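Worksheet for the structure shown next.
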Amino acid sequence: MSVSGEFIAENEQRLLQLGQALSFCDCRGITVYLQGDLGMGKTTFSRGVITGFGHRGAVKSPTYTLVEPYEFQAITVYHFDLYRLGDPEELEYMGIRDYFNDDSLCLIEWPVRGIGVLKEADLELTLTLQGAGRRVVWRAFNDAAEALATEWQQHYGVAGKQQ
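Residue numbers for the sequence shown follow this note's numbering, beginning at 653 and rising by one.
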């Protein structure tokens, strides 16, 4: 099963709002792969999600730490950046499987670097240039992710233009 759609975020603010809209949904137990070249907005999108859940303060890419946890009342968001990962087996040493549970949302930048060890994506986002903004193509790989994408589209639509 694979269902897909897209959003257009006309600028950085809209990309943050797209992430925030995801935080209004029930994302528990979901793993999101964030695909796209350097500078496409994967961390900006993640910042939107994390601040949408209520985090106040800096949200930067965990390029050197590999993962940064953000704990909230009902969910823990794990923001991964695997860009500098040398070998997928390193993920086993850090106890990667413990992060994927029913009370967490895992946002994973550069998931291709963890193939063979990472949990498969429930939802995959691919960010590309679209004028001055970004085109975000999503693919849902199961019923829970499809329901999440439907709810997410409604929340983003309230915040502004949705495609």
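Just so you know, even glycine gets a beta-carbon here, dropped at the ideal spot from N, CA and C.
Computed from a predicted model, the values in this text were never measured in an experiment.
Quick one: residues in its chain with C-beta nearer than 8 Å to the C-beta of residue i, no 5 flanking neighbours on either side, listed in chain order?
| i | result |
| --- | --- |
| Val-769 | Pro-740, Glu-741, Leu-743, Glu-744, Ile-748 |
| Leu-775 | Ile-682, Thr-683, Val-684, Tyr-685, Trp-790, Arg-791, Ala-792, Phe-793, Ala-797, Leu-800, Ala-801 |
On the criterion of 16 or more Cβ atoms from any shown chain inside 10 Å, does residue i qualify as buried, or is it exposed?
| i | result |
| --- | --- |
| Val-764 | exposed |
| Arg-708 | exposed |
| Arg-736 | exposed |
| Leu-690 | exposed |
Within its chain, find whatever has a CB closer than 6 Å to the CB of residue i; leave out the 5 residues flanking it on each side and keep chain order.
| i | result |
| --- | --- |
| Met-692 | Leu-779 |
Could you give the DSSP three-state label for residue i: helix, strand or coil?
| i | result |
| --- | --- |
| Pro-740 | coil |
| Glu-664 | helix |
| Asp-755 | coil |
| Phe-697 | helix |
| Ser-656 | strand |
| Gly-706 | coil |
Distance check for residue j and residue i, CA to CA, integer angstroms please.
| i | j | result |
| --- | --- | --- |
| Gln-782 | Trp-790 | 15 Å |
| Ala-796 | Val-655 | 11 Å |
| Glu-664 | Arg-786 | 8 Å |
| Gln-806 | Glu-658 | 13 Å |
| Ala-661 | Tyr-716 | 28 Å |
| Ser-675 | Tyr-751 | 18 Å |
Got a sec: is the Cβ-Cβ distance from residue i to anything in chain D below 8 Å?
| i | result |
| --- | --- |
| Phe-724 | Here chain D cannot be found, since the structure has a single protein chain. |
Nearest CA to the CA of residue i: which residue from the options?
| i | options | result |
| --- | --- | --- |
| Phe-819 | Leu-670, Thr-715, Ile-727, Asp-678 | Beyond the ends of the chain as shown, which are 653 and 815, falls residue 819; an answer cannot be given. |
Using a Cβ-Cβ cut-off of 7 Å (strictly less than) and excluding sequence neighbours within five positions of residue i, which residues of its own chain qualify?
| i | result |
| --- | --- |
| Ala-673 | Trp-804, His-807, Tyr-808, Ala-811 |
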